[in-house]
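Asker: Chains A and B, in that order, give the protein sequences.
Everything in the first sequence is counted per our numbering, starting at 1 for the first residue and increasing by one.
Everything in the second sequence is counted per our numbering, starting at 1001 for the first residue and increasing by one.
All residues carry an ideal CB built from backbone N, CA and C; glycine is no exception.
Given the structure is predicted, the values throughout are model-derived calculations rather than measurements.
Got a structure here, written out as structure tokens. Questions coming.
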Amino acid sequence: MDLSVKKERRYHSKIHPHKFALWAGCASIVMLFAALTSAYIVRKAAGNWLEFKLPVQFFYNTIVIIGSSITLQASYYFFKKGNAQLYRSLLVVSFILGMVFLGMQYSGWLAMESIGVELAGNPSGSFVYVISGLHAAHLLGGIAAMIVALVHAFVLKYKVTNQRKLRFEMTLTYWHFMGILWIYLLLFFVLQ
Amino acid sequence: MSVVNYDEDVLIKEQGFDDHFHDHHHGDKYQSGFITKYIFSQDHKMIAKQFLITGMMWAIIGAGMSIIFRLQLGFPEDSLAWLKPLLGKWITVNDAGIGTLAPEFYYALVTMHGTILVFFVLTAGLSGTFSNLLIPLQVGARDMASPLLNMLSYWFFFTAGIIMFCSLFLSTGPFAGGWTAYPPLSALPQASDGSGAGMTMWVASLVLFVVSVLLGGINYITTVLNLRTKGMTMWRMPLTIWAFLITAILGLLSFPVLVSALFLVMFDRGLGTSFFLSEIFIGGEALNHVGGSPVLYQHLFWFLGHPEVYIIILPAMGLTSEVLSVHARKPIFGYKAMVFSILAIAFLSFIVWAHHMFMSGVNPFISNFFVIFTLIIAVPSAVKVFNWIATLYGGNIRFVSAMLFAIGFVSLFISGGLTGIFLGNAAIDIQMHDTYFVVAHFHIVMGIAAFFGMFAGIYHWFPKMYGRFMNETLGRIHFWGTMIGAYAIFWPMHYLGMAGVPRRYYRFDNFDTFSHFGQMNQFITIAAIIVFFLQILFVVNFFVSIWKGKRVATKNPWGATTLEWTTPIDGIHGNWPGNIPAVHRWAYDYGKDGVEFIPQIVPLTEKEKENAEDLH
Ligand code: HEM
Ligand SMILES: [Cu+2]
Chain A
1 MDLSVKKERR
11 YHSKIHPHKF
21 ALWAGCASIV
31 MLFAALTSAY
41 IVRKAAGNWL
51 EFKLPVQFFY
61 NTIVIIGSSI
71 TLQASYYFFK
81 KGNAQLYRSL
91 LVVSFILGMV
101 FLGMQYSGWL
111 AMESIGVELA
121 GNPSGSFVYV
131 ISGLHAAHLL
141 GGIAAMIVAL
151 VHAFVLKYKV
161 TNQRKLRFEM
171 TLTYWHFMGI
181 LWIYLLLFFV
191 LQ
Chain B
1001 MSVVNYDEDV
1011 LIKEQGFDDH
1021 FHDHHHGDKY
1031 QSGFITKYIF
1041 SQDHKMIAKQ
1051 FLITGMMWAI
1061 IGAGMSIIFR
1071 LQLGFPEDSL
1081 AWLKPLLGKW
1091 ITVNDAGIGT
1101 LAPEFYYALV
1111 TMHGTILVFF
1121 VLTAGLSGTF
1131 SNLLIPLQVG
1141 ARDMASPLLN
1151 MLSYWFFFTA
1161 GIIMFCSLFL
1171 STGPFAGGWT
1181 AYPPLSALPQ
1191 ASDGSGAGMT
1201 MWVASLVLFV
1211 VSVLLGGINY
1221 ITTVLNLRTK
1231 GMTMWRMPLT
1241 IWAFLITAIL
1251 GLLSFPVLVS
1261 ALFLVMFDRG
1271 LGTSFFLSEI
1281 FIGGEALNHV
1291 GGSPVLYQHL
1301 FWFLGHPEVY
1311 IIILPAMGLT
1321 SEVLSVHARK
1331 PIFGYKAMVF
1341 SILAIAFLSF
1351 IVWAHHMFMS
1361 GVNPFISNFF
1371 VIFTLIIAVP
1381 SAVKVFNWIA
1391 TLYGGNIRFV
1401 SAMLFAIGFV
1411 SLFISGGLTG
1421 IFLGNAAIDI
1431 QMHDTYFVVA
1441 HFHIVMGIAA
1451 FFGMFAGIYH
1461 WFPKMYGRFM
1471 NETLGRIHFW
1481 GTMIGAYAIF
1491 WPMHYLGMAG
1501 VPRRYYRFDN
1511 FDTFSHFGQM
1521 NQFITIAAII
1531 VFFLQILFVV
1541 NFFVSIWKGK
1551 RVATKNPWGA
1561 TTLEWTTPID
1571 GIHGNWPGNI
1581 PAVHRWAYDY
1591 GKDGVEFIPQ
1601 IVPLTEKEKE
1611 NAEDLH
């Protein structure tokens, strides 16, 4: 039994402690990418920097990940509204979009390789591989959360409980965060 | 002085806050079997003990290493053959029976000593122990926000330790490139013996360690911000809690940056990238790596590294503030100033990192910027020191071991902080950088001072942890010996440093310029050995007292005001048997209106209420 699940257990908190903890975790992920992107800037300023075009997959993928955020949000909406059918199917759609994103990132890396921008080449390329790769690795966490959500959706009997709402909201928050992070990274690569 | 009469049980029952905790049967899950109670415990008090005892083990290992390399520095001519059974092939014995320490292993020892002490002992052992023990108890929570993540935090730390420990036994030795792991020694597996498997295990260990710090830190922050009891406003929190909170925030924001640096190192090592490597020749052969920048690594490392030193010292400051106030029987002087200076130090700690890099070829104009902010840190530091001394001034001081160590902390922080001001000037640092002056600076201000804060905390809260006292006489011997011994070790190093003696050298006796320091080095080594044995005395006192110490007779043996002293002597799961206590006042009502101390759970008197209204 968790010590903090029930509302009356907490005195000072407006937000559920687990959600707060998730935000704190996101802050540390922000710092990870802030460090890498600043390293990118510092390294670029030092010269000997290969310019190349980002693979188109990265741009299409932005639409995919935004789409998945929308479908997940909608799934949550129908979950609360009591429409089990739409809730389940939209969840599946979000999951598929998430997997598509990962697949397209991979094909983006292959595309970079095919134009001669290799991982072990000039740091300008290495940075793109590493940063987008780490983003994908963090996205896997979101995929795992969605798998849990899918299991709940299809195995458990449909019921709106506080516990399940909380879990869904946390998955949702993390997924949106991953989407925003990707948009930031892409803008960063494009503008830099 | 009069005393206020109160009965915790009645107060908590009448005023407390019913969270329906005891309506359900969940205590058993935590405490039933041996394994769930002592090993995979989710109870914050047990996890605190796990962090503490693991930290102590590491401290003994880390300090033992320093004794070995101090022997080498103090007595470079003498035989170390007697260490062969322990160190094996790292000691070579010649025909005359003289044993010498392998130079590569000397570096490995220095590296491991730094890594172990900085990360495993003074980060995990210090803030892991006391954040876990005190946050729920002092803010009035049943446990951490997520006991499960809290348990995982310990086990990640434990696993990180196991990996580091195994690396000691590699045939090529553990990593030997310094605790800061600068490339190329860290980024090129072929750069030195320890750069191979040793470095791989070092990175693996540290990444797990960071996971531990993050899991712990997220929990600490969430618990402090969300699970405080009724009446426990932020401005009523003891300074310990403020310190742990800010420490956790610093860790959360800076450790990921270290991870990013380590990731890039791993790519350079394993996948041929060139983030930190450029134009390197090994054995006359040019490597493929082109275009990397080792200075970039230093930026990333010190962006963590500098906040890290405050991650180590802030908890010690919090513990010291609390102990000083309790045993001086006086409110802490300038409570709000203390909080604001913690905040200022924390903020500034993020914009001074390049003071570690004045000599790494950073632009001198950029150095100026860092000099200014570095020197500004002296201001909030001085505020804290002033307030500690003012707290002591005119106090009714009880010179118990905890108090002695807290006062010792203040002394050490002053001595070590002053040398920081020298180093913070880029021009002076040209002479001082990478000398024993730096070694003296950071050992006094961080190493010894943080240990003193930790000792103060252990002696003070031991009754809370084990329901017994530690032996007071041994505690005082421990204090005086360590205090004098620590200065004897590190004070002379300032002179070595000013004379230009570089750090991390294997021996000095064959340099003309430095050979006359032979006796000073011997003196330091002998002092270090004595201090080492005094710590063993402490460890013995600790473990014997767990079973044989004097039993605590009342819930609040020190006459303190904070909530942890309202819990049963033998801790229970959920901390309070009935309601959670409600808080009516700040943590420092000592000597108020002629009353010796008033606990936080005691409601305001009519007179106090009137006075409070006058203020508005
Ligand atoms: C007034 C405050 C302080 C100032 C101005 C200051 C300044 C400096 C400077 C400039 C250096 C770099 C010296 C060099 O490598 O040439 C340094 C090193 C160091 N300082 Fe401080 N410091 C201060 C307080 C502290 C505190 C409070 C701690 C820890 C709790 C600390 C821990 C360290 C450590 C660990 C190093 C050396 C790291 C290494 O190279 O291995 N310092 N300090
Ligand atoms: Cu620093």
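Please state the DSSP three-state secondary structure of Ala35/A.
Answerer: Ala35/A falls in the helix class under three-state DSSP.
Asker: Note down the Cα distance separating Lys1548/B from Thr161/A, rounded to an integer number of angstroms.
Answerer: Looking at the two C-alpha atoms, the distance is approximately 51 Å.
Asker: For the putative contact between His176/A and Ser69/A, defined by C-beta atoms under 8 Å, what is the C-beta separation to the nearest angstrom?
Answerer: Indeed they touch by this definition, with Cβ atoms about 5 Å apart.
Asker: Taking Ile1580/B as the reference, give the member of Asp1570/B, Gly1062/B, Thr1525/B and Gln1600/B with the closest Cα.
Answerer: The shortest Cα separation from Ile1580/B among Asp1570/B, Gly1062/B, Thr1525/B and Gln1600/B belongs to Gln1600/B.
Asker: Is Val994/B near ligand 1, judged by its Cβ being under 7 Å from some heavy atom?
Answerer: The structure shown does not extend to residue 994/B, since chain B is modelled only from 1001 to 1616, so the question has no answer here.
Asker: For Gly1424/B, which of Asn1387/B, Met1470/B, Phe1405/B and Phe1373/B has the nearest alpha-carbon?
Answerer: It is Phe1373/B whose Cα lies nearest to the Cα of Gly1424/B.
Asker: Consult DSSP for Thr1561/B and reduce its assignment to one of helix, strand or coil.
Answerer: Here Thr1561/B sits in coil by DSSP.
Asker: If distances are taken between C-alpha atoms only, which option among Phe1517/B, Gln1522/B, Gly1272/B and Gly1578/B comes closest to Phe1021/B?
Answerer: The shortest C-alpha separation from Phe1021/B is found at Gly1578/B.
Asker: Using the C-alpha atoms, what's the distance from Met1046/B back to Tyr1038/B?
Answerer: Cα-Cα distance, rounded: 7 Å.
Asker: Ala1261/B: which of Met1338/B, Leu1319/B and Thr1180/B sits nearest, CA to CA?
Answerer: Checking every option, the nearest Cα to that of Ala1261/B belongs to Thr1180/B.
Asker: Could you check whether the Cβ of His1306/B sits closer than 7 Å to any heavy atom belonging to ligand 2?
Answerer: Within the cutoff, so yes.
Asker: With respect to the alpha helix (DSSP H) encompassing Thr161/A, which residues constitute its N-terminal and C-terminal limits?
Answerer: Thr161/A -> no alpha helix (DSSP H), and no H or E assigned at all.
Asker: Label Val1583/B either buried or exposed according to how many other C-beta atoms from any shown protein chain fall within 10 Å of its C-beta, with 16 as the threshold for buried.
Answerer: Under this definition Val1583/B is a buried residue.
Asker: Heavy atom of ligand 1 less than 7 Å from the Cβ of Leu1440/B, yes or no?
Answerer: Checking the sequence shown, residue 1440/B turns out to be Ala, not Leu. It does not: the Cβ of Ala1440/B is nowhere closer than 7 Å to a heavy atom of ligand 1.
Asker: Between which two residues does the alpha helix (DSSP H) carrying Gly1305/B extend?
Answerer: First-last of the alpha helix (DSSP H) with Gly1305/B: Pro1294 to Ala1328.
Asker: From the beta carbon of Thr1567/B, is the nearest beta carbon of chain A less than 8 Å away?
Answerer: Output row for Thr1567/B: interface = no.
Asker: With a cut-off of 8 Å, does the C-beta of Ile41/A fall near any C-beta of chain B?
Answerer: Ile41/A does not count as touching chain B.
Asker: Rounded to a whole number of angstroms, what is the C-alpha to C-alpha distance between Pro1073/B and Gly1198/B?
Answerer: A small fix is needed here, since residue 1073/B is Leu in this sequence, not Pro. Each residue's Cα considered, the two are about 24 Å apart.
Asker: With a CB to CB cut of under 7 Å and the five nearest residues on each side skipped, what residues in its chain are close to Val1010/B?
Answerer: Within the same chain, Val1010/B has no close Cβ partners at all.
Asker: If you check the beta carbons only, do Lys1550/B and Trp1565/B fall under 8 Å apart?
Answerer: Against a cut-off of 8 Å, the Cβ pair of Trp1565/B and Lys1550/B comes out as no contact.
Asker: Have a look at Ile1067/B and Gln1050/B and give me their C-alpha separation to the nearest angstrom.
Answerer: Approximately 26 Å, taken between the alpha carbons.
Asker: In three-state terms, what does DSSP make of Asp1028/B?
Answerer: Because the pLDDT at Asp1028/B is just 47, under 50, the model does not fix this residue reliably, and the point stays unresolved.
Asker: Roughly how many whole angstroms lie between the Cα atoms of Ile1598/B and Arg1236/B?
Answerer: Computed Cα separation, rounded: 14 Å.
Asker: Measuring only the C-alpha atoms, how far is Asp1606/B from Tyr184/A?
Answerer: Residue 1606/B is actually Glu in this sequence, not Asp. Cα to Cα, the separation comes out at about 57 Å.
Asker: Would you kindly work out how many angstroms separate the C-alpha atoms of Glu8/A and Trp49/A, rounded to a whole number?
Answerer: Caution is warranted here: a pLDDT of 44 is assigned to Glu8/A, below 50, making its placement in the model unreliable, and the coordinate value is therefore given only provisionally. Using only the alpha carbons, I get a separation of about 58 Å.
Asker: Which one of Ser38/A, Gln85/A, Phe20/A and Arg43/A has the shortest CA to CA distance from Lys157/A?
Answerer: Here the closest residue by C-alpha is Gln85/A.
Asker: Could you please give me the residues that DSSP links to Tyr1335/B through a beta bridge?
Answerer: Looking at the DSSP assignment, Tyr1335/B forms no beta bridge with any residue, so it has no partner.
Asker: Mark Thr1473/B as exposed unless 16 or more other C-beta atoms lie within 10 angstroms of its C-beta, in which case mark it buried.
Answerer: It is exposed - the Cβ of Thr1473/B has fewer than 16 other Cβ atoms within 10 Å.
Asker: In this structure, how does DSSP classify Leu1188/B when only helix, strand and coil are distinguished?
Answerer: Coil at Leu1188/B, not helix or strand.
Asker: Would you kindly report the start and end of the unbroken alpha helix (DSSP H) that includes Met1207/B?
Answerer: Note that residue 1207/B is Val in the sequence shown, not Met. Segment Ala1197 to Asn1226, the alpha helix (DSSP H) holding Val1207/B.
Asker: Tell me Lys1592/B's beta-bridge partners as DSSP assigns them.
Answerer: DSSP lists Val1595/B as partners of Lys1592/B.
Asker: Quick check on Tyr1220/B: buried or exposed, where buried means 16 or more other Cβ atoms within 10 Å of its Cβ?
Answerer: By the 10 Å Cβ count, Tyr1220/B comes out buried.
Asker: Closer than 8 Å, CB to CB, is Phe1244/B near chain A or not?
Answerer: Not an interface residue.
Asker: What do you reckon, is the C-beta of Val1371/B under 7 Å from a heavy atom of ligand 2?
Answerer: The answer is no for Val1371/B.
Asker: Compare the C-alpha of Trp1058/B against each of Gly1161/B, Tyr1107/B, Gly1177/B and Leu1071/B and name the closest.
Answerer: Of the candidates Gly1161/B, Tyr1107/B, Gly1177/B and Leu1071/B, the one whose C-alpha sits nearest the C-alpha of Trp1058/B is Gly1161/B.
Asker: Is His1356/B near ligand 2, in the sense that its beta carbon is under 7 Å from a heavy atom of that ligand?
Answerer: Answer for His1356/B: yes, Cβ within range of ligand 2.
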